[in-house]
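See structure below.
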Amino acid sequence: MSFATEPAYRHGSAARTAVLLVNLGTPDAPTASALRRYLAQFLWDPRVVEIPRPLWWLILHGVILRTRPAKSAAKYAAIWTKQGSPLLVWTQRQAELLQARLQSQGHHVTVRCAMRYGNPSVDATLDALKAEGATRVMVLPLYPQYAAATTASTIDAVSAWARRTR
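Be aware that the sequence shown starts at 21, since it is given in my numbering, and climbs by one per residue.
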């Protein structure tokens with residue numbers, strides 16, 4: 021069986037493995053508009069805020085997204101580097117170092133990173149890995165412990181991507 025946009029599987033062909041490191045996320049810039057987009061995505065996740073959706077929509081769009089982005093932008097600007105968000109910079113560096121380590125040990129594995137909220141998104145990164153020919157992806161959430169708002173939300177995002185691409 022093959023999927024609509026994929027060639028049929030060929031037995032004996034080597035699987036192309038990828039590792040996806042997933043961190044929580046970051047806005048694209050330390051600005052109010054970027055924070056608004058980031059906070060809207062992050063705080064709309066039902067794994068993060070477990071309030072009935074209609075009530076939460078009113079609170080989120082009526083109060084939080086009107087006041088919080090400007091306040092948060094100043095705090096992000098204080099820690100932002102020339103390379104960008106520290107969380108993204110260091111997560112990308114982890115992916116680069118893991119890729120180098122695996123290659124030095126003879127493993128032919130592609131390592132990428134994604135952010136659960138913000139960019140590079142889980143969807144876009146999985147799309148890119150698929151386009152590069154990855155047939156197996158090991159997803160590693162980079163959280164110190166399990167929580168619904170982190171690990172489970174990441175699993176939800178990966179599962180939703182898999183359902184859409186099948």
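Glycine included, every Cβ here is placed at the ideal spot set by N, Cα and C.
Keep in mind it's a predicted model, so treat the numbers as computed, not measured.
(request) Decide yes or no for the touch test of the region 115-131 against the region 42-52: beta carbon pairs closer than 8 Å, at least 3 of them. (result) Contact fails: fewer than three Cβ-Cβ distances are below 8 Å.
(message) Which residue wins for smallest C-alpha separation from residue 41, given the options 152, 68, 161 and 166?
(response) Taking only the C-alpha atoms, the option nearest residue 41 is 161.
(request) Look up residue 36 in the DSSP assignment and say whether it is helix, strand or coil. (result) Residue 36: coil per DSSP, three-state reduction.
(request) Could you tell me which of 121, 173, 95 and 150 sits nearest to residue 63, measuring between CA atoms? (result) The shortest C-alpha separation from residue 63 is found at 173.
(message) Output needed for residue 96: all residues of its chain with C-beta closer than 6 Å, excluding positions within five of it in sequence on either side, in chain order.
(response) For residue 96, where only same-chain residues beyond five positions count, the Cβ hits under 6 Å are 50.
(message) What would DSSP say about residue 109, mapped onto helix, strand or coil?
(response) DSSP places residue 109 in helix when its eight states are reduced to three.
(message) Between which residues of its own chain and residue 149 is the CB-CB distance below 8 Å, once the five residues before and five after are set aside?
(response) Around residue 149, the same chain offers 38, 40, 130, 132 and 157 as residues with beta carbons nearer than 8 Å, after the five sequence neighbours per side are excluded.
(request) Go through its chain and collect everything with a Cβ distance to residue 99's Cβ below 7 Å, but skip five positions before and after it. (result) Cβ neighbours of residue 99 beyond the five flanking positions: 106.
(request) Tell me whether residue 167 sits in a helix, a strand or coil according to DSSP, three-state version. (result) Reduced to three states, the DSSP call for residue 167 is coil.
(message) Quick check on residue 148: does DSSP put it in helix, strand or coil?
(response) Residue state, collapsed to three classes: helix.
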